[in-house]
Amino acid sequence: MTVTLKWIVNSLLYRNGHVTFMEILKYALHQFCQQAQAHSSKPQQQNHSHGFQPVHGQVHKQPLHDTLTRVPSHAASHHDENDEDEDAMSARDYLAEHPVIDAGKFEQVWATATEIASLSYTLHEAPEKDDIIELFSSNCLSCLASGSVNHLFKFFFFAEMVRVVLTSTLGLLISDGTTEKLTSIHWIVLCVFASQTELQCVFCVEMAIDAESGGVEGTIKRLAVQQRDEEEEDLIDSSFVSFFEDVLQEL
4 MTVTLKWIVN SLLYRNGHVT FMEILKYALH QFCQQAQAHS SKPQQQNHSH
54 GFQPVHGQVH KQPLHDTLTR VPSHAASHHD ENDEDEDAMS ARDYLAEHPV
104 IDAGKFEQVW ATATEIASLS YTLHEAPEKD DIIELFSSNC LSCLASGSVN
154 HLFKFFFFAE MVRVVLTSTL GLLISDGTTE KLTSIHWIVL CVFASQTELQ
204 CVFCVEMAID AESGGVEGTI KRLAVQQRDE EEEDLIDSSF VSFFEDVLQE
254 L
């Protein structure tokens, strides 16, 4: 048996999707081989008594439903020299591209969210306000409000961390033809993918920039939507804070 798999990448979201599909396919092939072996071991009594009697058009459907959850890219990647760099969770990979929240809801979230970090940073040169908003927007941080008093610019940013749930439906269509001496089995693998996002937590950031000194002060808060253990929450917090610091360095 020879199996050839070809993969076309339509989105970075599924950059390791072929690895997930291979695992599903292996499982389906394993079941198929077991059923084929059981089928071939059955006595063909009618064929011995009546001679050549081909059987056509018998199609058996064996649906396989499995729910796959999108995971950090290192969990599904091949082991190579870059594996150590992949071990750390990258918050950027889990953020919604275009987070949306109204101002009133943001105020409620800010009031109830837990502070996870406070930042102090110095820029060599303070950029324009529009450039700041554009940079953070391109990094999945939506600007809810901004303003300035004298030389102090203030911003409020919002981000959503989501999990992509990938649901696949895999079916085997098996048609068999039987003779006295030969049993032939033809099969087709059908797979349909569907995905949806599940909100995990939201981040709120208050950031002030002094246009004269280049000083940056910030507060980051997180509001959990899905309950996780303390170790997982610490990992999420540290990954987002590191990601935010990386964005600051681009200013």
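Under the numbering used here, the first residue of the sequence shown is numbered 4, with each subsequent residue one higher. Built from N, CA and C at the ideal position, the CB exists for glycine as well.
With C-beta atoms as the reference, is residue i less than 8 Å away from residue j?
i, j, result
"A211", "F160", "no"
"V205", "L126", "no"
"F109", "I135", "no"
"Y97", "M25", "no"
"A162", "V244", "no"
"K224", "E128", "no"
"A39", "T200", "no"
"L138", "L254", "yes"
"A116", "L226", "yes"
"V339", "Q252", "Residue 339 lies beyond the residue range present for the chain, which begins at 4 and ends at 254; the question has no answer from this structure."
Specify, as a first and last residue, the run of the alpha helix (DSSP H) that residue i falls within.
i, result
"E236", "E233 to L251"
"I104", "That residue, I104, is in no alpha helix (DSSP H); it is neither H nor E in DSSP."
"L138", "K132 to S140"
Which of the three DSSP states is assigned to residue i in this structure?
i, result
"C36", "helix"
"T115", "helix"
"L126", "coil"
"T182", "The predicted position of T182 is uncertain, since its pLDDT is 49 and thus under 50; no value can be drawn from it."
"L28", "helix"
"A94", "helix"
"A120", "strand"
"A41", "helix"
"M4", "coil"
Below 8 Å on the Cβ atoms is my contact criterion, and I expect residue i with residue j to pass it. Report the Cβ-Cβ distance as a whole number of Å.
i, j, result
"S242", "A94", "4 Å"
"H154", "E215", "5 Å"
Could you give the first and the last residue of the continuous beta strand (DSSP E) run that contains residue i?
i, result
"T222", "G218 to A227"
"L147", "S145 to V152"
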